[in-house]
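Each remark here refers to the structure printed beneath this line.
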């Protein structure tokens, strides 16, 4: 005899662990992140934490970040979407961290027009900058996206970037 069961989960919001988000933004995978977290000072008092449990938590967080990443091409969509109920401060934090650019990557791309050539240089840039390839690609894609959105704008570019990407003033500059 077969039985079927429908299950529905609802939530009023997500709690995003900023430490795990930082690892995802930096391009780490779930296994490396779990290993680093278990070694970190945060968990020394919890020596009995199981690696499998930590990995499951990190993988779950990474899935959430992956779901939000498709909205990052147009950040206002992240705040307007209803699939993932996020508070305004949470949206602002996600957008800010996602669009943050490392100083060393910024030095590599200043004065260059974002093109396919720059995209191809990502592997060289990440080696010189000593950062993860995926993090470098994300930063270059964000730079290209912002550049394309404002290259033909007239007026105050900082205000336009802030309006289109909901970035804090320090990142708009």
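Residue numbers (my numbering): -3 to 169. All residues carry an ideal CB built from backbone N, CA and C; glycine is no exception.
Proximity of residue 22 and residue 58 at Cβ, strictly below 9 Å: Numbered from 1 along the chain shown, position 26 holds the residue referred to as residue 22. Numbered from 1 along the chain shown, position 62 holds the residue referred to as residue 58. No. Outside cutoff.
Cβ pair residue 170, residue 143 closer than 9 Å: Since the first residue of the chain shown is -3 and the last is 169, residue 170 is not available in this structure.
Alpha-carbon spacing of residue 158 relative to residue 169, whole angstroms: Sequence index remark: in the chain shown, residue 158 carries index 162 (1-based). Sequence index remark: in the chain shown, residue 169 carries index 173 (1-based). Rounded to whole angstroms, residue 158 to residue 169 spans 10 Å at the Cα level.
Proximity to residue 11 [Cα-Cα], best of 160, 83, 101 and 123: Sequence index remark: in the chain shown, residue 11 carries index 15 (1-based). The residue with the shortest Cα to Cα distance from residue 11 is 83.
Counted within 10 angstroms of its Cβ, other Cβ atoms place residue 118 as buried (16 or more) or exposed: Here the question's residue 118 lines up with position 122 in the chain shown. Buried, by the Cβ-count rule.
Segment limits, alpha helix (DSSP H) that includes residue 32: Here residue 32 refers to the residue found at position 36 when the chain shown is read from its first residue. Following the DSSP letters along the chain, one finds residue 32 inside the alpha helix (DSSP H) bounded by residues 26 to 35.
Helix, strand or coil at residue 46 according to DSSP, with G and I counted as helix: The residue you call residue 46 lines up with position 50 of the chain shown. Correct three-state label for residue 46: coil.
Straight-line gap, residue 115 to residue 105 (C-alpha atoms, nearest Å): Position 119 of the chain shown, counted from the first residue, corresponds to residue 115. Position 109 of the chain shown, counted from the first residue, corresponds to residue 105. Taking the straight line joining both Cα atoms gives about 11 Å.
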